[in-house]
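Residue numbers (the numbering used here), protein chains in the order written: chain H, 179 to 404; chain C, 46 to 595. Worksheet: the structure to be examined is printed underneath.
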Amino acid sequence: MTAALSTHQLAKDYGDRPALEPLDLEVPEGQHVALVGHNGSGKTTLLRMAAGLLDPSAGEARIMGHVSGSLEARRSLSWLSDTPTFYDDLSLWEHLEYVGRLHGVAEWQGKAEELLERLQLSARRDDIPTTFSRGLRQKAAIALGMVRPFDVLLVDEPFVGLDSNGKTTLLELLDEAAQVGATLLVATHELAFVGRVGRLLALRDGALVYDGPPSEADVHTLVLPA
Amino acid sequence: MSDTAPSVGFDALRDLRRRRQLHRLGNLDWFEAAYRVYLFGIFGGGAVLWISNSIKDEPVSEAVAADVLSHGPAVLGLLVAFAFMAGVRGGAQGGPVALEAADVVYVMLAPIDRRRALWKPAVQRLRSAVFTGAMAGGVIGQLAGRRLPGSTIAWFGSGALYGANLAAVWVGAALLAHTLRVPRWLATSLGLVGVAWQAAAVTWGVVGPFDLDGSLALWGWRVRGIDVLALAGALAMVVVGMALLRRLSLDALARRSALVAQLRFAVTMQDLRTVILLRRQLNQEHARRRPYVRLGVAGASKGFTGTVWRRGWHGLLRFPVPRLIRMAAIAAGMGVLQAMVVRGTTPAFLGTAVLGFVLGLEIMEPLSQEVDQADRADALPVERGELMSRHLFAPAVALLPFALVAAVAAWLALGAHGDAVAPALVLAFPTLLGGATGGVVSIIKDMPDPASAPTQQNFMPPEMVGFTTAIRIVWPIVVSTLTTCTVLLPRAAFERGDSVVAAAVRGALGSLLVVLLVFQWVRLRDRLRRKIRAFMDEGRAYTSQQRSSA
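The following block contains the structure:
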């Protein structure tokens, strides 16, 4: 069976400062994984390299067996950044149309309406998302990440800025994606979320220091810097 | 879960780009756009007219014309060599294409052909560069045509062709370096080889790699078929670069997207400090993690001035090597231009002023950092002006080695004549320091003023806003010019047969006087503004009291 996400000696350094030590990792299809670590531990670096947004210094990452960044990998992967970006001349609804159609979804409207409804954004669908508050921008980014089909969902700090309703809705959406077979890798500081996943990865100063079930880990210790 | 049809994706990209274009046109403030065109026309046209008037109309002598014909291609090829170097270095650092941040996330991560998606932004980049190059080349060409054989129109055309080719070399080299993932060290080496080889062609008359490119500029006088090879070379670089577009690094595009958007905004706001900062970030030029030398705490024990002095040196001693080389090159350029003034090319002192201004923006980094953190500076229990003025000491001293570079460059440009040593040494430091003072004025003028109303300028009529904007840009250059034109004194003394060294000393004192005035302005600016404001408020209160009593 092909791994949904695999890395082989994947490493990144910025000059003389290593951001991620060489990492070998396999995440099987359908697995629900949390990625934790202190600030600067390498979580975002790992996710961005897996998404193809950052060139590795060494090694490679693959999505569903395809090199990250390749057309096939992009078809399978949805990426939710911790710093959502939007066009400043398109409404939220136009963004949803754009992203849906870019991914070849002919009937995107139904899914878009459902997502806006659940994320309580229906009233703002014709507004420009660059004018939204931090929390609303995060919700809009979630809608854009989920309006298109995906096999692997990479999420970086999804709970930042969300109110309690938003957090609940996001958790529901992630659970639903997992139920239909998607692979989830979520980088988070929200330690309560760790209990909902089947596998925990912990990074410290760019090195993988824990890979196993969350029930066997002392998460509070794992997220401390060295 | 993936069930998509890629062709639909590209149709969406085309539709949405069209729709966004309509949105942009709909949102365009036509009055504002027309006003910008008007301002550009006034100042651009004025500059062209001024330069045109400063160039004599009588044809050059036959000897000079022969000199232009034999050395012109190599000299003009040197500019193309610099464009090539800028291109390969820019490409290795992620240029020349810049996308919007949202395009990187939504378009580049979508399952569509990246080459097709990147085609339009790349063509736009090429088109704007070629247009700018052609326009600048055309204007300069017609100016040259007024003194050289050939019609003005032919010179305009050949200048435009040369400028367009230069721009195509720049964009093509950048595209190739980026798509072929040329490492930065190799890109710099390639660029330096090109420049050095072409410089050898200028100096010793060997065949240079960019001679044919330079020769295109002389088509207004004579046409050589073989020069077409230069156009073919530039075209080939562009075609191969465009064919390899899908190899552009998403990492570089993502990094550049946010920076380029900020850069454009900073340019529209005439925010030079931000432009320079962002340019450094685009070039991935970072301060060293540790200074070359760490100063002991003994300096800090001397109180406030010692603390600021130590902080300034720790910033300056973190300058990366490329930045130091760039500053040395600027200093050398200033020396050469001053030597040109001495040799009779009077307008060259304006070039010295501009270079001095740029050097000031580089060397005054500790001051800039303090201005960037204005809130922190305002929270300190010291007068802001006193703090800012203390930040000038360390950069001023740091200019000394660059002054030596400028003096040596000027001395060499004056034919390494023994009599030129003393005046060059006397004038170098005050000229560099004075030139850098323009940079200080620019930095301090951009400092937020907590005492003034931020909306003050919003109530100005558009004509006044344009005028104040122009003053804001030009004034620092004027200050630099005041201190660099002092080189005219030793030139005049030489022509009259007086003591050149004594005249150089007088010029140096003049430059230092301007520096002293600017120092006092930095120190007392806030206090003076407060006094003026209090005086104005008093006047207003008195007037309203008079009116109410009447």
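Every residue gets a Cβ at the ideal spot worked out from N, C-alpha and C, and that includes glycine. Predicted, not measured: the structure shown is a model, and the values here were computed from it.
Not a single CB atom of chain C sits nearer than 8 Å to the CB of Gly384(H).
Residue pairing of Thr185(H) in beta bridges, as defined by DSSP: Leu203(H) and Ala239(H). Taken through DSSP and simplified to helix, strand or coil, His210(H) comes out as strand.
Contact between Ala137(C) and Val227(C) holds, with the beta-carbon distance rounding to 5 Å and staying under 8 Å.
Nearest in C-alpha terms to Asp60(C), of all of Leu255(H), Glu272(H) and Val325(H), is Glu272(H). Within the DSSP secondary-structure output, Ala365(H) pairs in a beta bridge with Leu213(H) and Asp334(H). Contact between the stretch 284 to 304 of chain H and the stretch 159 to 179 of chain C is absent, with fewer than three C-beta pairs closer than 8 Å.
Fewer than three beta-carbon pairs drawn from the stretch 455 to 474 of chain C and the stretch 390 to 403 of chain C are found closer than 8 Å, and the two stretches are therefore not classed as touching. In this structure the stretch 255 to 265 of chain H touches the stretch 225 to 241 of chain H; the number of beta carbon pairs closer than 8 Å is three or more.
From the beta-carbon of Thr263(H), the residues of chain C found nearer than 7 Å are Ala146, Ala147 and Val150.
When DSSP reads this structure, His244(H) sits in a beta bridge with Ile241(H). Annotated three-state conformation of Tyr192(H) is strand, per DSSP. Separation of Phe349(C) and Leu412(C) (C-alpha to C-alpha, rounded to the nearest whole angstrom) is 15 Å. A Cβ of chain H is located within less than 8 Å of the beta carbon of Ala155(C).
Distance check between Thr308(H) and each of Thr263(H), Ser300(H) and Arg240(H) places Thr263(H) closest, using alpha-carbon atoms only. Residue burial is scored here from C-beta neighbours: Pro426(C) has fewer than 16 other C-beta atoms within 10 angstroms and is therefore classed as exposed. Around Arg252(H), the beta-carbon contacts reaching into chain C at under 7 Å are Leu154, Ala155 and Pro156. Of the candidates Leu201(H), Val211(H), Ala395(H) and Arg326(H), the residue whose Cα lies closest to the Cα of Pro156(C) is Arg326(H).
At least one CB atom of chain C sits nearer than 8 Å to the CB of Ser259(H).
Per DSSP, reduced to three states, the secondary structure at Tyr265(H) is coil, with no helix or strand assignment. Under the three-state reduction of DSSP, Asp329(H) is assigned to coil, being neither helix nor strand. By the neighbour-count criterion, in which 16 or more other beta carbons inside 10 Å mark a residue as buried, Leu154(C) falls on the buried side.
Here His462(C) is exposed, its C-beta having fewer than 16 other C-beta atoms within 10 Å. Taking 9 Å as the cut-off between beta carbons, the residues of the stretch 273 to 298 of chain H near chain C are His273, Glu275, Tyr276, Val277, Gly278, Arg279, Leu280, His281, Gly282, Val283 and Ala284, in sequence order. Leu73(C) counts as exposed, since fewer than 16 other beta carbons sit within 10 angstroms of its beta carbon. Identification of residues in the stretch 53 to 76 of chain C having a C-beta nearer than 8 Å to some C-beta of chain H yields Val53, Gly54, Asp56, Ala57, Leu58, Asp60, Leu61, Arg64, Arg65, His68, Arg69 and Asn72, given in sequence order.
Rounded to whole angstroms, Ser556(C) and Leu527(C) show a C-alpha spacing of 7 Å. At a cut-off of 8 Å, the C-beta of Ala189(H) has no neighbouring C-beta in chain C. At a cut-off of 8 Å between beta carbons, Leu295(C) contacts chain H. By the CB criterion at 8 Å, Leu340(H) and Gln316(H) fall inside the cutoff. When the beta-carbon positions are compared, Gly484(C) and Phe402(C) come within less than 8 Å of each other. It is roughly 15 Å from the alpha-carbon of Asp296(C) to the alpha-carbon of Leu220(C). Pro403(H) and Val387(H) have their C-alpha atoms spaced approximately 11 Å apart.
Rounded to whole angstroms, the Cβ separation of Glu199(H) and Gly384(H) is 5 Å, and the two are in contact under 8 Å.
DSSP, reduced to helix, strand and coil, places Tyr388(H) within a strand of the structure shown.
At least one CB atom of chain C sits nearer than 8 Å to the CB of Ala229(H).
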